[in-house]
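In what follows, a structure is listed as structure tokens, so that the remarks can point back to it.
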Amino acid sequence: MKQLSFSFMALILSTSLAQAACYADYKAKQDDPLRLHYGVAEVRGDCSVGSAQNQLRDRLAGDGWQLLNVLGVFDDAGLDERKDSAGEFFLRY
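Counting with mature numbering (1 follows the signal peptide of the UniProt record, and there is no 0), you get residues -20 to -1, 1 to 73 for the letters of the sequence shown.
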């Protein structure tokens, strides 16, 4: 019984950790005047490009940005290498 309980808790913990470590890099624009930016954002829930698109479209629109595309999704391992490129848009949305 303890073995089953421990296994279940380990599964729940690993699932939670996997969901918490999902990020997407994306491109967005504003019109009049035209402004473009590259950014990195955390994705909640399903770690997929489709989920990232749905989430980022709404987040960016709140500040007048239009999502152009999601380049991909990744975990913590890819976060540091994108920080400089994203600049002020690193984890902003």
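Quick reminder that beta carbons are idealized off the backbone N, C-alpha and C, glycines included.
Here the structure is a predicted model, which means the values were calculated and not measured.
| Item | Value |
| --- | --- |
| Three-state class that DSSP yields for Arg24 in the structure shown | coil |
| Contact under 8 angstroms by Cβ, Asp55 with Ala21 | no |
| Cβ neighbours of Asn49 in the same chain (closer than 7 angstroms, five flanking residues each side left out) | Tyr6 and Lys7 |
| Cβ shell of Arg37 (< 7 angstroms), same chain only, five flanking positions each side left out | Leu47 |
| Cβ pair Leu59, Tyr3 closer than 8 angstroms | yes |
| Best match in Leu16, Arg15 and Asn34 for proximity to Arg24 [C-alpha to C-alpha] | Asn34 |
| Cβ pair Gln10, Gly42 closer than 8 angstroms | no |
| Tyr73 vs Leu51 beta-carbon contact at 8 angstroms | no |
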